[in-house]
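As given, the protein sequences belong to chains A, B, C, D and E, one line each in that order. Residue numbering for the first sequence follows numbering that gives the first Met the number 0, beginning at 0 and increasing consecutively. Residue numbering for the second sequence follows numbering that gives the first Met the number 0, beginning at 0 and increasing consecutively. Residue numbering for the third sequence follows numbering that gives the first Met the number 0, beginning at 0 and increasing consecutively. Residue numbering for the fourth sequence follows numbering that gives the first Met the number 0, beginning at 0 and increasing consecutively. Residue numbering for the fifth sequence follows numbering that gives the first Met the number 0, beginning at 0 and increasing consecutively. Quick reminder that beta carbons are idealized off the backbone N, C-alpha and C, glycines included. Given the structure is predicted, the values throughout are model-derived calculations rather than measurements. Structure record follows, encoded as structure tokens.
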Amino acid sequence: MSPADWATFALGAIGAFFFLGGTLGLLRFPDLFSRLHALTKADNLGLGFIVAGLLFQTGSVAVGLKLILIWGLALFASSTACYAIGRHALTRSGTATGEEAENERS
Amino acid sequence: MGIFYIVMTLFLLANMAAAMARVFRGPTAADRLMTAQLFGTTGVGILVLLAEAVPQPALRDVALVFTLLAVLVVLAFTRGHTGQAEEARSRGNGGDA
Amino acid sequence: MSGADILFDFLLAALLVLLAWRALAAPQLYQAAIFFIAFGLAMALAWTRMNAPDVALAEAAIGAGLLGVLLIDSLAAFTRGRERGEAGSKHCADEGTRARPMPRVSQAVVAAAGVVFAAVWVTAILRMPEGGGLTAIAGAAMPESGVAHPVTAVLLNFRGYDTWLEVGVLLLAMLGIFCAVGKTGFEREQRPAHIDPLINWLVRFLVPLMVLVSGYILWLGKTAPGGAFQSGVILGAAGILLRIAGFRTFGRLPVWAWKTGLVFGFAVFLAVGAAALPAGRSFLEYPAETAGAWILIVETACALSIGFTLLAFFVCLNAAGGCDGPRQPNRTN
Amino acid sequence: MSGLLVTLPLILPIVGALVCLFLPARARPWFGLAASLAITLAVLALARATVLSGELTHSLGGWAPPLGIALRVDGLACVFLLLTAFVGLPVGVYAAKYFALPAEAKGEAFLFWPLWLFLWAAMNGIYLSVDLFNLYVVIEVLGISAVALAILSGRPAALLGGLRYLLAALVGSMAYLLGVALIYGSFGTLDLTLLGALADTGFTTRLALSLILTGLLVKTALFPLHFWLPSAHASADPPVSAILSSLVVKASFYLILRLWVDVFDATLTYAIGQAMGALGAVAVVWGSYQALRQKSLKLMVAHSTVGQVGYLFLLFPLITVAYEGLGDSPWLVHAWTGGIYQALAHGFAKAAMFLAVGIFVLATGTDDRESIVNMVGRLPMTTFAFALAGVSLIGLPPSGGFVAKWMLLKAAFSSGQWWWAPMVLWGSFLTAGYVFMILRVAFAPSRGSDRLRPVPRVLEAAALALGIGAILIGFRAEEILTLIDIESPFADLVDPNEGGISP
Amino acid sequence: MSVETHDIYMVAAGLVFAVGLGGVFLCRHFFRKIIATKMLGAAAFLLLVSVSRRDALDAPDPVPHAMVITGIVVAVSASAFALALARRIRAETGQSTFEEGDAP
């Protein structure tokens with residue numbers, strides 16, 4: 000394995016760790032906003048580290064730029080989405096717990 | 000290196016399967032939507048890894064399209080619901096037919 | 000085939016079946032929609048595993064992106080306006096949105112039927128003859144097709160008739176939606192919405208990027224996975240994003256412009272195809288030397304029309320049940 | 000030149016539909032009728048060319064099968080193309096007038112012409128295509144345009160019926176597509192002609208056959224998969240009901256017939272044939288019985304379709320013995336032509352019946368069976384059209400329905416499968432029951448006020464033309480049989496002395 | 000005989016189809032019925048592509064891929080139409096299932 004491969008390996012593992020953290024947070028955290036926080040970790044850092052790792056493998060600049068674009072877009076979209084979800088949850092319930100009544104149910 | 004990619008994708012897929020539990024539990028629609036968001040990001044991660052592993056450069060385009068369209072669902076959701084809430088608040092029950 | 004590969008496929012296939020089942024059996028409609036969107040994502044991954052990036056691209060654009068929007072948007076229409084009205088409508092909503100638990104006996108019957116079907120299915124798969132497929136024949140015809148990517152060649156040249164009809168199906172579905180919604184479909188405007196500053200900023204950045212990517216995917220189709228459909232869907236998504244954010248640019252178009260937008264791709268395809276007949280060629284046959292150029296023209300027209308049609312789907316669907324509660328029963332037109 | 004002939008029945012309606020979309024509402028009926036006339040002429044020219052030169056084929060895009068998609072015209076295709084045109088033309092005339100009436104709820108009637116021309120193109124596309132996947136796409140065009148037409152009136156009943164119709168159609172086409180995928184996996188081709196030489200008796204092929212058949216049976220509304228038909232057909236506007244009942248179910252029936260004899264002849268068994276026949280027989284009885292029970296005129300006619308579709312399926316056990324090596328007898332021809340004749344006769348008769356009932360409803364303002372008292376005195380032309388259609392449905396002598404049932408009976412007896420004969424007769428008996436029940440009311444002297452809303456003569460003339468058509472095809476058996484025999488799978492069995500069965 | 004990728008997805012196609020078929024008949028809400036028909040379509044597409052992969056790993060058969068893309072677009076159009084109908088019915092009658100006594 001070349002040094003580049005080692006770098007990919009290490010960065011990929013860190014990315015995977017953040018994905019794991021995001022998932023665990025989503026599953027374990029008590030309220031909506033902390034879950035939202037966990038989610039952004041997976042989105043921003045998890046994917047970011049994986050992409051950074053893959054950058055060591057790409058031969059061409061174009062491919063590297065495309066990868067960075069994908070990450071940038073994901074970052075951008077997820078922060079907007081989280082903003083929208085958060086705002087929605089606030090307007091909906093009026094509290095920061097996010098525990099809106101079970102009225103989605105029926 | 001091939002085995003590294005496949006193990007990574009496997010790990011991400013397992014992650015995705017585990018996150019499904021949040022869709023069950025909810026409790027709010029926003030939680031479920033967040034899970035969908037996480038699914039999307041994980042899927043993009045798998046795609047960029049596969050693009051390197053197979054190798055199939057076109058998969059990066061697939062990932063690009065995914066990230067580009069991911070935000071649509073979230074906005075459609077918040078619009079439908081926020082709109083409803085605001086509407087109910089501002090003008091009671093007026094129909095607009 | 001390494002073991003990890005097979006493990007991945009197993010897990011993904013199991014996830015597919017599980018998601019499909021949960022999407023139909025989950026107690027609440029919202030869960031159903033989210034599971035369905037996840038199902039689309041898993042399908043896209045399955046396509047990549049089967050070396051079908053073209054299909055994965057289409058699935059990513061349509062299955063996960065566009066259909067998700069239509070479903071989520073419809074969901075709001077199904078769940079709102081419930082509070083109004085009497086016991087009858089409440090009963091209806093409760094019965095409808097929630098999956099009812101089945102009686103034990105029915106459960107057993109359904110499970111038994113499923114097991115029988117699975118057994119029959121696996122037998123059929125195992126006994127399937129090793130069919131040849133058309134890979135070799137398509138490969139041999141590639142030099143005359145005018146493009147370098149086999150899937151694009153099949154879609155727009157070898158089996159262009161299917162593709163032409165498919166664009167027709169889009170147009171027809173739009174006419175159907177128009178019937179379902181009523182004449183008000185295009186005329187009904189959204190409430191003037193307050194545009195959130197952050198979303199406004201997002202849209203201003205994202206929409207031009209989408210148009211750019213759409214063009215890129217279209218151009219890619221000649222040599223690599225991509226082409227008219229995927230490109231058209233992204234274009235449509237850009238329009239829908241504008242709509243969702245509260246911009247109303249498209250609602251102001253006159254009806255004839257809408258119609259032109261819907262018909263354009265189908266008509267151009269037909270015109271190019273029918274022009275071959277007086278020249279003594281077959282219907283939908285391109286002139287041999289300039290096939291590539293004609294295909295590009297047809298693809299561009301189709302992409303524009305597909306994008307436009309998908310946007311029209313969204314706009315009209317909104318009119319179908321956007322308002323709270325029952326509409327006035329006697330509409331005039 | 001043959002390329003133009005073969006593709007015109009497809010291109011003309013589609014061009015017509017697109018142009019119609021952009022015309023002002025006033026001009027649409029006139030343009031639509033002109034287009035219908037042009038399509039009819041194109042179909043006649045195609046039929047003439049087929050009679051003169053035999054089978055015609057055309058490879059689309061210049062790519063021959065298996066890579067490309069081919070169109071093929073033989074006698075069977077011509078018969079159904081002609082049926083569509085000759086039923087479509089009078090129905091179009093009726094629709095032109097009907098949708099111009101200042102009725103209460105007109106819904107999105109201005110879309111009738113584009114949708115109907117699209118539907119027409121789809122039906123012609125099914126009759127011409129010989130590619131399994133292309134047929135899937137065309138079936139979807141057919142299904143979507145049919146549902147869109149069915150909901151034109153915009154009434155809640157029509158919307159509900161339409162949604163059920165759409166869901167049933169989707170399930171049907173997905174089952175069909177799954178079968179096609181199995182076939183492609185097994186044989187690597189989609190062309191019907193090539194597949195005819197390849198299809199075997201393997202388990203996979205059998206499963207594919209059952210999936211494809213089930214899918215198409217849903218669309219043809221064979222008992223017990225007919226659940227969607229009555230609500231969809233009865234809640235639509237009369238011209239649309241006529242089109243759906245008389246033409247659209249025939250398109251998927253045609254496809255079953257085509258696949259049965261051209262592709263899966265090696266895969267079929269005696270038992271499958273008998274099962275289809277049995278379902279058909281039950282459908283005949285069930286549909287007719289339900290029709291007898293209906294208080295609503297339109298529902299009665301819709302249930303009658305369920306029964307009459309059953310007759311079509313009596314054809315399958317009678318032609319399937321051939322594949323069991325039981326004989327190459329001339330009576331196969333009787334079964335074959337009898338089945339096709341039933342499709343033709345029902346096409347004309349059912350269209351006439353729906354149009355006539357539409358006129359009754361228009362005149363009285365109600366759909367109740369008992370409201371049509373003394374129609375024979377008040378709307379004699381329409382009552383006559385209804386009676387003619389009834390005669391053909393029952394199968395009384397000079398009609399097309401008689402020729403069909405006579406041939407089926409003949410084939411049943413000479414093939415030794417006598418048990419289908421009582422089914423045919425019993426079905427006729429029940430049909431006579433509901434037809435005469437209506438006529439009894441129509442002939443009864445009126446008790447109350449005789450006031451009717453005025454009905455344009457054109458509507459009555461269109462219904463009558465179709466009723467006469469249902470009788471007339473009984474007299475023109477010679478020509479129709481000649482056409483059916485072109486490239487028929489049983490053509491070599493034709494006995495010239497047996498050809499014409501003039502009543 | 001070893002298990003290959005395409006075998007797995009072929010079996011999955013059958014199972015998804017079975018789930019979808021069950022859903023079409025057992026689910027009552029229009030929304031679920033529409034999703035169920037999408038499942039049926041997905042199963043058919045899955046099978047088409049998985050049979051195409053069998054004969055060549057490096058150069059898969061382009062014909063089924065093209066058919067599936069066509070199929071996806073057709074299926075989405077039909078679903079959108081069904082959604083529009085269901086929403087209109089809901090808006091006009093408040094009903095989101097077929098009435099009791101009606102066939103499924």
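Apply the 10 Å Cβ neighbour rule to residue i and answer buried if 16 or more other Cβ atoms are within range, or exposed otherwise.
| i | result |
| --- | --- |
| E58 (chain C) | buried |
| M0 (chain A) | exposed |
| A152 (chain C) | buried |
| L64 (chain A) | exposed |
| G19 (chain E) | buried |
| A85 (chain E) | buried |
| S105 (chain C) | exposed |
| L40 (chain D) | exposed |
| F109 (chain D) | buried |
| W255 (chain C) | exposed |
| E51 (chain B) | buried |
| G53 (chain D) | exposed |
| I2 (chain B) | exposed |
| T27 (chain B) | buried |
| L125 (chain C) | exposed |
According to DSSP, which residues form a beta bridge with residue i?
| i | result |
| --- | --- |
| R71 (chain D) | D:T56 |
| D28 (chain E) | Asp is not the amino acid found at residue 28 (chain E); the sequence shown has His there. H28 (chain E) is bridged to E:T96. |
| D513 (chain D) | Since the displayed chain D opens at 0 and closes at 502, residue 513 (chain D) lies outside it and no answer follows. |
| S295 (chain D) | D:D367 |
Please report the Cβ distance between residue i and residue j, rounded to the nearest whole angstrom; I am assuming they are in contact, meaning their Cβ atoms lie under 8 Å.
| i | j | result |
| --- | --- | --- |
| D199 (chain D) | T266 (chain D) | 7 Å |
| G61 (chain D) | S281 (chain C) | 4 Å |
| V42 (chain D) | L3 (chain D) | 13 Å between Cβ atoms; not a contact. |
| A69 (chain B) | V68 (chain C) | Between V68 (chain C) and A69 (chain B) the Cβ distance is about 11 Å, and since that is not below 8 Å, they are no contact. |
Can you list, in chain order, the residues of its chain with a C-beta nearer than 7 Å to that of residue i? Leave out the 5 residues immediately preceding and following it.
| i | result |
| --- | --- |
| G473 (chain D) | P397, S398, G399, F401, V402, P502 |
| E143 (chain C) | A287 |
| L254 (chain D) | I125, L134, L215 |
| C26 (chain E) | K32, A35 |
| G95 (chain C) | For G95 (chain C), the predicted structure reports a pLDDT of 46, less than 50, and the residue's modelled location is therefore unreliable. A value from the coordinates is still provided. Nothing listed; no residue qualifies. |
| A350 (chain D) | V86, V90, A241, S245, L465 |
| T47 (chain C) | A55 |
| V239 (chain D) | L148, A149, L151 |
Looking only at its chain, what residues have a beta carbon closer than 6 Å to the beta carbon of residue i, apart from the 5 residues adjacent to it on each side?
| i | result |
| --- | --- |
| I182 (chain D) | A207 |
| M275 (chain D) | F312, F315 |
| Q307 (chain D) | H345 |
| S213 (chain C) | S230, I233, L234 |
| A12 (chain E) | A42, L45, L46 |
Residues in its own chain within less than 8 Å of residue i by CB, not counting five upstream and five downstream?
| i | result |
| --- | --- |
| V47 (chain B) | L58, R59, A62 |
| W29 (chain D) | A95 |
| A33 (chain A) | It should be noted that the sequence gives Ser, not Ala, for residue 33 (chain A). Correct list, in chain order: G24. |
| A420 (chain D) | L408, A411, F412 |
| V72 (chain B) | L32, A35 |
| G72 (chain C) | Going by the sequence as given, residue 72 (chain C) is Asp instead of Gly. So the list reads F313, L316, N317, once near-sequence residues are dropped. |
So is the beta-carbon of residue i under 7 Å away from any non-hydrogen atom of the ligand SAH?
| i | result |
| --- | --- |
| P52 (chain C) | Among the components modelled here there is no ligand, and therefore nothing to report on the ligand SAH. |
Notebook entry, point to check: Should the stretch 203-213 of chain C be regarded as contacting the stretch 119-137 of chain C, the criterion being three or more beta carbon pairs within less than 8 Å?
Noted result: Segments in contact, no.
Note to self: Does the stretch 360-371 of chain D come into contact with the stretch 450-468 of chain D, if we say contact requires no fewer than three beta-carbon pairs (one atom in each stretch) closer than 8 Å?
What the structure shows: Yes, the stretch 360-371 of chain D is in contact with the stretch 450-468 of chain D.
Note to self: For the stretch 376-392 of chain D against the stretch 428-445 of chain D, do three or more pairs of beta-carbon atoms, one drawn from each stretch, fall closer than 8 Å, so that the two count as touching?
What the structure shows: Using a C-beta cut-off of 8 Å, the stretch 376-392 of chain D makes contact with the stretch 428-445 of chain D, since at least three inter-stretch Cβ pairs fall below that distance.
Next item on the list: Kindly confirm or deny that the stretch 106-114 of chain C and the stretch 3-15 of chain C touch, where touching means at least three C-beta pairs closer than 8 Å.
Entry: Because the criterion of three Cβ pairs below 8 Å is not met, the stretch 106-114 of chain C and the stretch 3-15 of chain C do not touch.
Item checked: Three CB pairs or more closer than 8 Å across the stretch 9-17 of chain B and the stretch 65-80 of chain A -> The stretch 9-17 of chain B is not in contact with the stretch 65-80 of chain A.
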